[in-house]
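Peer 1:
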Amino acid sequence: MKIDASKSEKPPFDAEQTGQRVTKYIFMTGGVCSGLGKGIAAASLGRLLKARGYKVTIQKFDPYINQDPGLLSPYQHGEIFVTEDGAEVDLDFGHYERFIDENLSAANSVSTGKIYREVLNGELNGKYKGATIQVIPHITDAIKEKIYRASKNAGSDIIISEIGGTVGDIESLPFIEAIRQTSRDVGTENVMYIHVTLIPYLNFADEMKTKPSQNSVKELLSFGIKPDALVCRTEHSISDEMREKLALFCNLDKTCIIENLNVASIYEVPLLLEQQNFGDIVCKRLGLAPPPPDLTEWRALVAKNNAITAEITVGLLGKYTEFRDSYLSVTKALEHAGIAHDVRIKIKWLHAKEITDANAATKLKNLKGLIVPGGFGKRDTKGLISATRYARENKLPFLGIGLGMQCALIEFVRNVMARPEANTAEIDAETDMPVIEYITKPEAEVSSLPKRKGSYPCKLNPDSLTYAAYGENLIYERFCHLYKINNQYRGEFSAAGLIEAALSPDEQHIEAIELPQKTHPWFVGVQFHPEFKSRITRPNPIIKAFVGACLKK
């Protein structure tokens, strides 16, 4: 049966007929190689457009076949970022949210696996009425529907969609075809294509080369997409002669060749792009006439960051520190808090497998504080507990997040309450004292259990350090966990001096614990992930308070 590809999915509304605003679509592709920072480029452009008064949302298409990013190894993809609605997504979403200061959702994250699952489920449910399922139009229609839905859900003026991987990768071809069709669906005047590419520097020849970018654009043209601008990652400035050459061979105006130099801080990237009028170039291409951008606050924070001379060293202890992107949001949150306190945070990376009771004093010496972020699994938890004990006994400012909080509780019960059998069900399901238990008792493999994910309210104890940090009775933070503190032992914990600093409104979940200040100057554990809501313009309160305590050490 012949499929009429012209019957592809249209946008969910017709702006001219309904009188609604016309959404503008920006698609960002990558060429030459991966790792060029498309996510930072997309987030930076989002910042520039928001500074011009537009409501912006950002979407990510990942070509991998996985359906659930939450099951991906941190060693391959870095941290799993969690959105307000509980979606576990690629770490680029952290950049997006930190730059445009908008909460994104599950609709903004799409993978090949999700698309194929949806289409195949549609077939089983009779959606296609016996038609032959094909990449065009069925897969591409499903992709386009995600583009239009994300924009509509966010109520955005502009949606920026980043296509993961590199142009030419076989797995990304359906996405490339879908964004080509989008221009046909919504009108070329409402779509802009931006290609992020590399201008390599050959050290042995002392020369920069444009040929890889030319070939990458040629590859993109072969799929029916002509880029409207190039964002060129480079170690050295691009000369006018090179711009002219790129413009000629890529059929672009010279002003649309945008240089993206390596900079000391990623927060300088929006300003670097603005110096080249990138925001105005994009707006002109899309037929927009915005007011001048207001980047006053952003410029001030970047200037403040660049002027910092003081420095403190904070230990970051984890299970995946070989790949530092596994804790990307934690490091950025520490950076935000440091800027607020006019201090540079130097991170000493510590792997849990290297810490024992015997060497903790040596490994953790000269630190101003210790932060233990989240993680899953029983591997290397002994090192987390040993380091936590050192921090408690030596009055080192401590912040435990997720698993870090749970290890802090286990250490407290074992060594302060003298209950060495205390453990978490994650490590030992048969322990005699499961101070950490499953949220939902397992009847299957742990990986199949539902996590408690997304934004939840927390009631704060007014006599706690946590309340002093937030200054509010009720806060909202993001969670992602399978285990919780066992309510069976709450009375024993309190009798031993542990403070319940935050509770769920129904008081069934202990969300934060502390030691009394008479015992320890600053020792806090939180079940939630405060790093996901930190912004350079608005550091997370508990992480800011932690850095403040480190400065007093």
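Per our numbering: the sequence shown ends with 566, consecutive numbering throughout.
Even glycine gets a Cβ: it sits at the ideal position worked out from N, Cα and C.
Here the structure is a predicted model, which is why all the values come from computation and not from measurement.
Which runs of the alpha helix (DSSP H) fall wholly inside the region 466 to 553 and span at least 4 residues, in chain order?
Peer 2: 478 to 483, 503 to 508
Peer 1: Using beta-carbon positions only, say whether R491 and F545 come within less than 7 Å of one another.
Peer 2: One-based indexing of the sequence shown puts residue 491 at position 478. One-based indexing of the sequence shown puts residue 545 at position 532. For R491 and F545, yes; Cβs fall inside 7 Å.
Peer 1: May I ask you to report which of helix, strand or coil DSSP gives P25?
Peer 2: As a position in the sequence shown, residue 25 is number 12, starting the count at 1. With a pLDDT of 43 at P25, under the threshold of 50, the modelled position of this residue cannot be trusted; read the value that follows with caution. Of the three classes helix, strand and coil, the one that applies to P25 here is coil, per DSSP.
Peer 1: Can you give me the C-alpha to C-alpha distance between A18 and S196, rounded to a whole angstrom?
Peer 2: Translated into positions along the sequence shown, residue 18 becomes position 5. Translated into positions along the sequence shown, residue 196 becomes position 183. The predicted position of A18 is uncertain, since its pLDDT is 39 and thus under 50; a value taken from the coordinates is nonetheless stated next. Spanning the two alpha carbons is a distance of roughly 15 Å.
Peer 1: What would DSSP say about V426, mapped onto helix, strand or coil?
Peer 2: Stepping through the sequence shown from its first residue, residue 426 is reached at position 413. Reduced to three states, the DSSP call for V426 is helix.
Peer 1: Using the beta-carbon count (16 or more within 10 Å), is E527 buried or exposed?
Peer 2: Within the sequence shown, the letter at position 514 stands for residue 527. If you draw a 10 Å sphere on the C-beta of E527, you find 16 or more other C-beta atoms in it, and that means buried.
Peer 1: Buried or exposed for S47, going by 16 or more other Cβ atoms inside 10 Å?
Peer 2: Numbered from 1 along the sequence shown, position 34 holds the residue referred to as residue 47. Classification of S47: exposed, given that the 10 Å Cβ count is below 16.
Peer 1: How should A191 be labelled, buried or exposed, when 16 other C-beta atoms within 10 angstroms of its C-beta is the threshold for buried?
Peer 2: Locating residue 191 in the sequence shown gives position 178, where the first residue counts as 1. Classification for A191: buried.
Peer 1: By Cβ distance below 6 Å, which residues in the same chain neighbour A55 in space, the five residues on each side in sequence not counted?
Peer 2: One-based indexing of the sequence shown puts residue 55 at position 42. The answer, listed in chain order, is M41, I71, I173, E175.
Peer 1: Using the rule of at least 16 other Cβ atoms within 10 Å of the residue's Cβ for burial, across every protein chain shown, is I78 buried or exposed?
Peer 2: Your numbering for residue 78 matches position 65 in the sequence shown. Flag for I78 reads exposed.
Peer 1: Which of the three DSSP states is assigned to T31 in this structure?
Peer 2: As a first step, residue 31 is located in the sequence shown; it is residue number 18 there, counting from the start. Bear in mind that a pLDDT of 35 at T31, under 50, signals an unreliable position, so the number given afterwards is only what the model happens to contain. Note: T31 maps to helix in three-state DSSP.
Peer 1: Are at least three pairs of beta-carbons, each pair with one atom in the region 234 to 252 and one in the region 196 to 212, less than 8 Å apart?
Peer 2: Contact holds: three or more Cβ-Cβ distances are below 8 Å.
Peer 1: In this structure, does DSSP put H354 in helix, strand or coil?
Peer 2: One-based indexing of the sequence shown puts residue 354 at position 341. The answer is coil: DSSP assigns H354 none of H, G, I, E or B.
Peer 1: Among the candidates H90, T36, V95, whose CA atom is the shortest distance from the CA of L465?
Peer 2: Within the sequence shown, residue 465 is the residue found at index 452, counting from 1. Sequence check: residue 465 is Arg here, not Leu. The candidate whose alpha carbon is nearest that of R465 is V95.
Peer 1: May I ask you to verify whether the region 358 to 376 touches the region 308 to 319, counting CB pairs closer than 8 Å and requiring at least 3?
Peer 2: no
Peer 1: Quick check on DSSP: helix, strand or coil for H208?
Peer 2: For the purposes of this step, residue 208 is taken as the residue at position 195 of the sequence shown. Strand.
Peer 1: Residues in the same chain with beta-carbon distance under 6 Å from F291, minus the five sequence neighbours each way, listed in chain order, please.
Peer 2: Along the sequence shown, one-based indexing puts residue 291 at 278. Taken in chain order, the residues that qualify are I271.
Peer 1: Quick check on H249: does DSSP put it in helix, strand or coil?
Peer 2: Translated into positions along the sequence shown, residue 249 becomes position 236. H249 falls in the coil class under three-state DSSP.
Peer 1: Beta-carbon within less than 6 Å of I238's beta-carbon, same chain only, minus the 5 sequence neighbours each way: which residues are those?
Peer 2: By one-based count along the sequence shown, residue 238 stands at place 225. Cβ neighbours of I238 beyond the five flanking positions: R193, Y206.
Peer 1: Taking all protein chains shown into account, do 16 or more other C-beta atoms lie within 10 angstroms of the C-beta of W362, making it buried, or fewer, making it exposed?
Peer 2: Position 349 of the sequence shown, counted from the first residue, corresponds to residue 362. Exposed, by the Cβ-count rule.
Peer 1: Let's see if you can read the secondary structure: which residues bound the beta strand (DSSP E) around S124?
Peer 2: To locate residue 124, count along the sequence shown from 1; it is residue 111. 122 to 124 is the span of the beta strand (DSSP E), which, as asked, contains S124.
Peer 1: Find the nearest neighbour of T125 within the set T145, H151, L104, judged by alpha-carbon distance.
Peer 2: By one-based count along the sequence shown, residue 125 stands at place 112. Checked all of T145, H151, L104; the closest Cα to T125 is H151.
Peer 1: Could you say which of I128, G143, A163 lies nearest to S185 if we only look at CA atoms?
Peer 2: What you label residue 185 is simply residue 172 of the sequence shown in a count that begins at 1. Measuring from the Cα of S185, the nearest candidate turns out to be I128.
Peer 1: Is there at least one non-hydrogen atom of the ligand FAD closer than 6 Å to the beta-carbon of D266?
Peer 2: The model depicted lacks the ligand FAD and carries no ligand whatsoever.
Peer 1: Suppose you measure from the CA of I549 to the CA of A353; what does that come to, to the nearest Å?
Peer 2: As a position in the sequence shown, residue 549 is number 536, starting the count at 1. As a position in the sequence shown, residue 353 is number 340, starting the count at 1. Roughly 9 Å separates the two Cα atoms.
Peer 1: Count Cβ pairs between the region 400 to 412 and the region 434 to 451 that sit closer than 8 Å; are there 3 or more?
Peer 2: no
Peer 1: Who are the Cβ neighbours of G232 in its own chain at under 8 Å, not counting the five residues just before and after it?
Peer 2: Numbered from 1 along the sequence shown, position 219 holds the residue referred to as residue 232. In the sequence under discussion, the amino acid at residue 232 is Glu, which differs from the Gly named in the question. Taken in chain order, the residues that qualify are G44, V180, G181.
Peer 1: R551 to K51, Cα distance in whole Å?
Peer 2: What you label residue 551 is simply residue 538 of the sequence shown in a count that begins at 1. What you label residue 51 is simply residue 38 of the sequence shown in a count that begins at 1. If I take the Cα positions, the gap works out to 24 Å.
Peer 1: Which residue from K267, P305, M430 puts its Cα closest to that of D253?
Peer 2: For the purposes of this step, residue 253 is taken as the residue at position 240 of the sequence shown. Among K267, P305, M430, the Cα nearest to that of D253 belongs to K267.
Peer 1: Please report how far the alpha carbon of I183 lies from the alpha carbon of Q227, in whole angstroms.
Peer 2: Taking the first residue of the sequence shown as position 1, residue 183 is located at position 170. Taking the first residue of the sequence shown as position 1, residue 227 is located at position 214. Computed Cα separation, rounded: 20 Å.
Peer 1: Less than 7 Å separating the beta-carbons of E439 and Y496?
Peer 2: Within the sequence shown, residue 439 is the residue found at index 426, counting from 1. Within the sequence shown, residue 496 is the residue found at index 483, counting from 1. In contact: E439 and Y496 (Cβ atoms closer than 7 Å).
Peer 1: If you scan the region 319 to 348 from start to end, which runs of the alpha helix (DSSP H) of 4 or more residues do you find wholly inside it?
Peer 2: none
Peer 1: Give me the Cα-Cα distance between E99 and G387, rounded to the nearest whole angstrom.
Peer 2: Within the sequence shown, numbered from 1, the residue matching residue 99 stands at position 86. Within the sequence shown, numbered from 1, the residue matching residue 387 stands at position 374. The sequence shown places Gly at residue 99, not Glu. Those two C-alpha atoms are separated by around 16 Å.
Peer 1: Have a look at I523 and K73 and give me their C-alpha separation to the nearest angstrom.
Peer 2: The residue given as residue 523 occupies position 510 in the sequence shown. The residue given as residue 73 occupies position 60 in the sequence shown. The straight-line gap from Cα to Cα measures roughly 34 Å.
Peer 1: Identify, in the order they occur along the chain, each residue of the same chain with its Cβ nearer than 8 Å to the Cβ of K20, setting aside the five sequence neighbours on each side.
Peer 2: If you number the sequence shown from 1, residue 20 lands on position 7. With a pLDDT of only 44 at K20, under the threshold of 50, the placement of this residue in the model should not be trusted, and no figure is reported.
Peer 1: Can you check the region 159 to 196 for any beta strand (DSSP E) of at least 3 residues that lies completely inside it and give the ranges in chain order?
Peer 2: Runs found: 171 to 176.
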